[in-house]
Every structure is written in structure tokens, then in C-alpha cells.
Amino acid sequence: MTIWVDADACPKVIREVLFRAAQRTGVELVLVANQLLTVPKAPNIRALQVPKGFDVADNEIARRIEPTDLLITGDIPLASEALAKGAQALNWRGDAFSKETIAAQLTMRDFMDNLRASGIQTEGPPPLSQADRQAFARQLDIWLAKRKI
């Protein structure tokens, strides 16, 4: 059982929540990024640096993730791949990706990409709030409790 983090864009406050949870429970935590990351010195926490390139980190996570694992990401296609392999996935706001809603999320993502490609300005997501951080920590704790870590 491993928590995989799509770490290139993961907010620092979310990484800190993950570090504390991993240190408290002993669950394996792997942050995957194409840049050098600093992680606490603990046997169950590590950073995996991959080469720079489009979707290199995502592809590495998709290759390694197992059905008992949890993925932390804001990347909807990567979340879809994790769900297809039987894993669970959360975004940084504590929203769980699900097999029932992932197709609609992918469609909306593609629609927004097409709008941006045609020159239409779209707003990005709002900044991460304290309520978002708390929701993430709550969902992470629920996942950990279900696994009796």
C-alpha cells in the first residue's frame, strides 16, 4: 500500500499534510516529479525524480500504481488511469475521483482545453483555501483509517 503523489504541481501545504500522515502511520509515501524534491528523512518517505518531459512523471506513476494504492493529483487523465487499475485518487482539495464521474470530468477538461486552444480566456481554479486543506486532510485520514494503518 503506497500513496503516490504527482508532485510537480502539488501545493506545498498538501505535501506537508502528507509528510505528517506518513510519519504518523508509517504508510509508504512516494513523491514523483521531474525536479529535485526535499522530503523528510524517514524510511517510508521518498522522492522519485524522473527525467523532464511531457507526462513523464504521470507515466511513471501509472506504470507503478497498484489497486491498494492512493494517488494524490490534480491531473484528471492520470486519476482516470489510476482508477482503471483499481487504485483510489484524491485531488488537493480532498475531492475523490470516482469511476462514476471520471468520464464527465475528462470531457469537461477536454472542452476547457479546446476553449483555451481557440484563444478564449478561462479562469483557473481558485487558490487553495483553509477549508480545502482541511477537506484534504479529512479524506486522507478516512483512507488511512480504512486500511487500519
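With our numbering applied, the sequence shown covers 262 to 410.
Beta carbons: idealized from backbone N, C-alpha and C, even for Gly.
- The residues Q310, in chain order, have a CB closer than 7 angstroms to that of L297 in the same chain once the five nearest residues on each side in sequence are set aside.
- In the DSSP assignment, L292 falls within the beta strand (DSSP E) that extends over E289 to A294.
- If you check the CB distance, G347 and A396 do not come in under 7 angstroms.
- Straight through space, the alpha carbons of G380 and D316 are spaced by roughly 24 angstroms.
- Within its own chain, the residues whose Cβ lies closer than 8 angstroms to the Cβ of P272, once the five positions on either side in sequence are excluded, are W353 and L389, listed in chain order.
- The Cβ atoms of L332 and A343 lie closer than 7 angstroms to each other.
- The closest CA to that of A308, considering only T286, T329 and F280, is found on F280.
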